[in-house]
Structures are given as C-alpha cells and as structure tokens.
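Colleague: In UniProt numbering, the protein residues as written are 1 to 142.
Note that beta-carbon positions come from the ideal geometry of N, C-alpha and C, so glycine has one too.
For reference, the structure I am asking about is given below.
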Amino acid sequence: MSQIKQNDTVRVHYTGKLTDGQIFDSSLEREPIEFTMGQGQLIPGFEKGLLDMKENEKKTIEIPADEAYGQPREELIQEVEKSQLPEEIKPEPGMGLVSKSPDGREMNLVVKEVKEDTIVVDGNHPLAGKDLIFDLEVVEIK
1 MSQIKQNDTV
11 RVHYTGKLTD
21 GQIFDSSLER
31 EPIEFTMGQG
41 QLIPGFEKGL
51 LDMKENEKKT
61 IEIPADEAYG
71 QPREELIQEV
81 EKSQLPEEIK
91 PEPGMGLVSK
101 SPDGREMNLV
111 VKEVKEDTIV
121 VDGNHPLAGK
131 DLIFDLEVVE
141 IK
C-alpha cells in the first residue's frame with residue numbers, strides 16, 4: 001500500500017481542535033479536503049503530519065503555533081479612523097471586516113476595540129499563536 005509523499009494529491013478528512021479540546025473546523029459533515037502535497041496550500045505542520053500515512057490510516061497530530069499560523073504580529077494590529085469605514089457599518093468588537101490593499105489584495109480583519117473616533121483592528125489569523133491538534137484520516141491517495 002502506498003504512503004503519502006510530496007506531490008501526491010490526497011483526500012483527507014480532518015477535525016481541528018485547540019489544546020483545550022474546542023473544535024474550530026471539521027470536514028466530517030462535508031467532503032474531505034483534496035490538495036497536492038508540497039504546494040503550500042495548507043499549514044506546514046498539517047502536511048508534515050500526513051507524510052508517510054497510508055490510505056484509510058487515522059492518526060492525531062499536534063502542530064505547534066510556529067508550524068500552523070505563526071505567532072501574532074503587532075504590526076497587523078492597527079487603529080483606523082471610523083470615517084474610513086462605509087457609513088452603513090456600525091463596528092462592534094468581534095466583528096469581521098475585509099480591507100482591500102491598493103493592489104487589490106483582500107485582508108480579513110477583526111474589530112478588537114471601538115473608540116470614540118477610531119477602531120482597533122487585528123489582521124492576524126484568528127488561530128495565530130495557538131498550538132493545534134488535528135485528527136486525520138486519509139481517504140484517498142491519487
């Protein structure tokens with residue numbers, strides 16, 4: 001039986017959890033994810049954990065934050081004038097916003113704090129700084 005190696009296309013079911021057991025994502029209620037190993041489509045620790053697994057094999061892996069979404073970066077937390085927001089948006093802590101850079105790239109932001117004339121937004125991935133646990137099941141190696 002073949003084992004997963006770089007450049008293989010694989011289909012995998014997964015359940016992602018925080019170290020306290022809270023589930024943040026799972027493919028079990030939908031189709032397994034399909035991707036090609038080594039293309040950088042997934043966090044490095046996820047791909048590393050799949051290497052050498054066989055079809056129908058299951059295992060649980062722990063991924064340190066540095067091999068997942070990295071550590072939070074201070075420069076991704078910014079204060080923005082409320083006047084820069086569209087009028088219909090009433091910002092509240094926890095609210096998600098999308099910002100477009102001048103070159104057209106989109107960045108997801110989360111409102112951290114609402115002040116009188118400004119808001120504080122965080123562009124870090126919500127899982128930045130967190131160690132992750134994944135239950136993996138290899139469905140198919142193509």
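I'd like to confirm the pairing. Which residues does DSSP put opposite His13 in its beta bridges?
Modeller: As a working note, residue 13 is residue 13 in the sequence shown. Bridge partners of His13: Glu137.
Colleague: Would you list the residues sitting across from Gly104 in a DSSP beta bridge?
Modeller: Position 104 of the sequence shown, counted from the start, is the residue given in the question as residue 104. According to DSSP, which records beta bridges pairwise, Gly104 is partnered with nothing at all.
Colleague: Is the Cβ-Cβ distance between Ile43 and Ala65 less than 8 Å?
Modeller: As a working note, residue 43 is residue 43 in the sequence shown. As a working note, residue 65 is residue 65 in the sequence shown. No. Outside cutoff.
Colleague: For Asn124, is the classification buried or exposed, using 16 other Cβ atoms within 10 angstroms of its Cβ as the cut-off for buried?
Modeller: The residue labelled residue 124 in the question sits at position 124 within the sequence shown. With 16 or more other Cβ atoms within 10 Å, it is buried.
Colleague: Which same chain residues, not among the five before or five after Ser101, have their C-beta less than 8 Å away from its C-beta?
Modeller: Position 101 of the sequence shown, counted from the start, is the residue given in the question as residue 101. These residues qualify, in order along the chain: Met107.
Colleague: What residue range does the beta strand (DSSP E) around Lys58 cover?
Modeller: For the purposes of this step, residue 58 is taken as residue 58 along the sequence shown, with counting starting at 1. Per DSSP, Lys58 belongs to the beta strand (DSSP E) from 58-63.
Colleague: Could you give the distance in angstroms between the alpha-carbon of Ile4 and the alpha-carbon of Ile63?
Modeller: As a working note, residue 4 is residue 4 in the sequence shown. As a working note, residue 63 is residue 63 in the sequence shown. If I take the Cα positions, the gap works out to 18 Å.
Colleague: In or out: Val121 buried (at least 16 other Cβ within 10 Å) or exposed?
Modeller: Here residue 121 is taken as the residue at index 121 of the sequence shown, counted from 1. It is buried - the Cβ of Val121 has at least 16 other Cβ atoms within 10 Å.
Colleague: What residues match up with Gly96 in a beta bridge as DSSP calls it?
Modeller: The residue given as residue 96 occupies position 96 in the sequence shown. In the DSSP output, where bridge partners are listed per residue, Gly96 has Val110.
Colleague: Which of helix, strand or coil does DSSP assign to Ser2?
Modeller: To locate residue 2, count along the sequence shown from 1; it is residue 2. DSSP places Ser2 in coil when its eight states are reduced to three.
Colleague: Glu47 lies in the alpha helix (DSSP H); which residues open and close that run?
Modeller: If you number the sequence shown from 1, residue 47 lands on position 47. Residues 44-50.
Colleague: With Val98 and Val10 assumed to form a contact (beta carbons below 8 Å), what rounded beta-carbon distance in angstroms separates them?
Modeller: Within the sequence shown, the letter at position 98 stands for residue 98. Within the sequence shown, the letter at position 10 stands for residue 10. At roughly 31 Å, the Cβ-Cβ gap does not stay under 8 Å, so Val98 and Val10 are not in contact.
Colleague: Counting C-beta neighbours from all protein chains within 10 Å, is the total for Glu47 16 or more, i.e. buried, or is it exposed?
Modeller: By 1-based counting over the sequence shown, the position of residue 47 is 47. With 16 or more other Cβ atoms within 10 Å, it is buried.
Colleague: Would Ile141 be called buried (16 or more neighbouring beta carbons within 10 Å of its own) or exposed?
Modeller: If you number the sequence shown from 1, residue 141 lands on position 141. Looking at its Cβ environment, which holds 16 or more other Cβ atoms inside 10 Å, Ile141 is buried.
Colleague: May I have the straight-line CA-CA distance separating Met95 from Gly16, to the nearest angstrom?
Modeller: The sequence position of residue 95 within the sequence shown is 95, counting from 1. The sequence position of residue 16 within the sequence shown is 16, counting from 1. Whole-angstrom Cα-Cα distance: 23 Å.
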